[in-house]
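The sequence shown maps to residues 6 to 365 in my numbering. Backbone N, C-alpha and C define an ideal beta-carbon position, used for all residues, glycine too.
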Amino acid sequence: MFKYLKLSSPGKIILCGEHSVVYGKKALACSINLRTNLKAEYSNSSLFSLKLNDINKSIELNQTQFESIQNESIENDFDKIIEYLNFKKSDDKHFDSIKFLILALDQLTWEKLSGLDVQIESEIPLASGLGSSASFSVCLATLFLLLTSSINPKLSQNDLVIINKYAFYLEKLFHGKPSGIDNSVSTYGNFVLFEKGSVVDKFESSLDLNVLITNSGVPKQTLEQVKKVRNLYERNKEILDHLMNSIDTLVGKFVVLLKQESSIEKSILLNDLITLNQGLLYSLQVSNREINSIVNLANEFGFHTKITGAGGGGCCITLLNGEKTSQRVTQLISKLKDNNFMPFQTKLGTGGVCIEKFEF
Ligand code: PMV
């Protein structure tokens, strides 16, 4: 077993296909170069401790508590464990995540946890649709799977499948019925195509894709927006079916472009797709005043922007087409800040979960 461990996993954005994915179409998501970092080290203490530095929270567990969790008699079926933990209605989802892993991993003994100090820090803004909880879930699942030797520190493709499965269940604790996009991107990294609850393609792109992510300052509202689109759909099914199909076609074109070599013509096409997708999301009524304002400000400087995620608030992405420090980009950033938005630049399509140090 390790003496010192360092691992990390990325946050995500949805590039295109949000909402239509709920209607069985494809969605394309990718990692961003903001990560959650986990460090674990054994000390002389007789406790297991987990510190969540960003939210100033600490969880400690002693042997008696560990054993009483292990003795809670629930069927060893992941869905049953989640049902049981949700039934208990605790609002400490981080602690519930540890409980889930203790209950789900039969091989876990107190010797593996005793004296283990874990620290988690995240560069991903919390609760903004950028996959912070999924990234936490992937890091924690990876730690526990390493502790029980269920995966190898070299992380084979099969190990990633196992991590993704456990992280998906932890996401169920945080979000009830997650789609699985966030944990898949955080596990595999790069670009992930998702359809009907499954990853249907994973790929890297040779494009240097830099974007500006701008937080609208309005909290994202996934459940409300999904419900709102559902109501609109029920009232206008014959129109919205076309709209969802258009988004699906657009996602397909996006994938083709990302897999090709870079060219000037391609930047134009990617910009087209971003703007078309935003127009379709606007028609679905998930844009709002703040988002429209970000879209228009970026447009004044010649950049194309769309909602990323559910909308009604949350974040937007602006394609920078290879420009990172140009005058236009700098001017746009200061203009957005003048309007009380919070933009930051990030690179798309970085690596997934990664063991950075595993020292014996
Ligand atoms: O911003 P997020 O991660 O909440 O994205 C939600 C994406 C939706 O398509 C609107 C809902 C879903 O479950 O896929």
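For the 9 angstroms CB-CB criterion, Tyr287 and Asn301 do not form a contact.
Between Phe196 and Leu33, the gap from beta carbon to beta carbon is short of 9 angstroms.
Within its own chain, the residues whose Cβ lies closer than 7 angstroms to the Cβ of Leu262, once the five positions on either side in sequence are excluded, are Lys271, Leu274, Leu275, listed in chain order. Distance from the CA of Glu200 to the CA of Lys329, rounded to the nearest whole angstrom, comes to 32 angstroms. For Met249, the enclosing alpha helix (DSSP H) begins and ends at 242-264.
Rounded to whole angstroms, the separation of the alpha carbons of Gln226 and Gly319 is 8 angstroms. Distances between the C-beta of Lys225 and the heavy atoms of the ligand PMV include at least one below 8 angstroms. Secondary structure note for Gly16: its beta strand (DSSP E) is the uninterrupted segment 9-21. Three or more beta-carbon pairs separated by less than 8 angstroms are not found between the region 229-242 and the region 179-191, which leaves the two stretches without contact.
Residue nearest to His309 within the set Pro15, Gly29, Gln283, Gln290 is Gln283 (criterion: CA-CA distance). Here Asn58 carries a helix assignment [DSSP, helix/strand/coil]. Judged by the Cβ position, Pro348 fails to qualify as a neighbour of the ligand PMV at the 8 angstroms threshold, every heavy atom of the ligand being at least this far.
Bridge pairing for Arg40: Pro15 [DSSP]. Of all alpha-carbon atoms in Asp111, Ile156, Gly317, the one lying nearest the alpha-carbon of Arg294 is that of Gly317. When beta bridges are read from the DSSP output, Asp122 appears opposite Glu46, Ser54. The C-beta of Val334 has 16 or more other C-beta atoms within 10 Å across all chains shown, which makes the residue buried. Between the alpha carbons of Ile279 and Asn250 lies a distance of about 16 angstroms.
For Leu217, the enclosing beta strand (DSSP E) starts and ends at 215-220.
One thing to note: Leu148 has its Cβ no nearer than 9 angstroms to the Cβ of Leu90. In this structure, DSSP gives Ala34 an extended state, which the three-state scheme calls strand. In the displayed model, Ser161 falls within coil according to three-state DSSP, outside both helix and strand. Rounded to whole angstroms, the separation of the alpha carbons of Ala45 and Glu364 is 11 angstroms. Exposure of Thr69 is indicated by the presence of fewer than 16 other C-beta atoms within 10 angstroms of its C-beta. Counting the other CB atoms within 10 Å of its CB gives Asp164 a total of 16 or more, which places it among the buried residues.
Relative to the ligand PMV, the nearest heavy atom lies less than 8 angstroms away from the CB of Ile186. When Leu113, Val256, Gln124 are compared, the shortest CA-CA separation from Cys21 is found for Val256. Counting the other CB atoms within 10 Å of its CB gives Pro224 a total below 16, which places it among the exposed residues. Here Gly16 is near Ser140, since their CB atoms are less than 9 angstroms apart. Separation of the CB atoms of Leu106 and Leu145 is rounded to 7 angstroms, and the pair is thereby assigned contact status at 8 angstroms. Under the criterion of beta carbons closer than 8 angstroms, Leu198 and Pro348 do not qualify as touching, at roughly 27 angstroms. In this structure, Glu23 has its CB closer than 8 angstroms to one or more heavy atoms of the ligand PMV. Among the bridge pairs identified by DSSP, Ser127 is matched with Thr41.
Taking one beta carbon from each stretch, the region 39-54 and the region 158-174 have fewer than 3 pairs nearer than 8 angstroms; the two do not touch.
If you check the CB distance, Gly314 and Ile60 do not come in under 9 angstroms.
Remark: the C-beta of Gln230 is in contact range of the ligand PMV, defined as less than 8 angstroms to any heavy atom. Distances from the alpha-carbon of Ser50 to those of Asn67, Thr355, Cys35, Leu57 put Asn67 closest.
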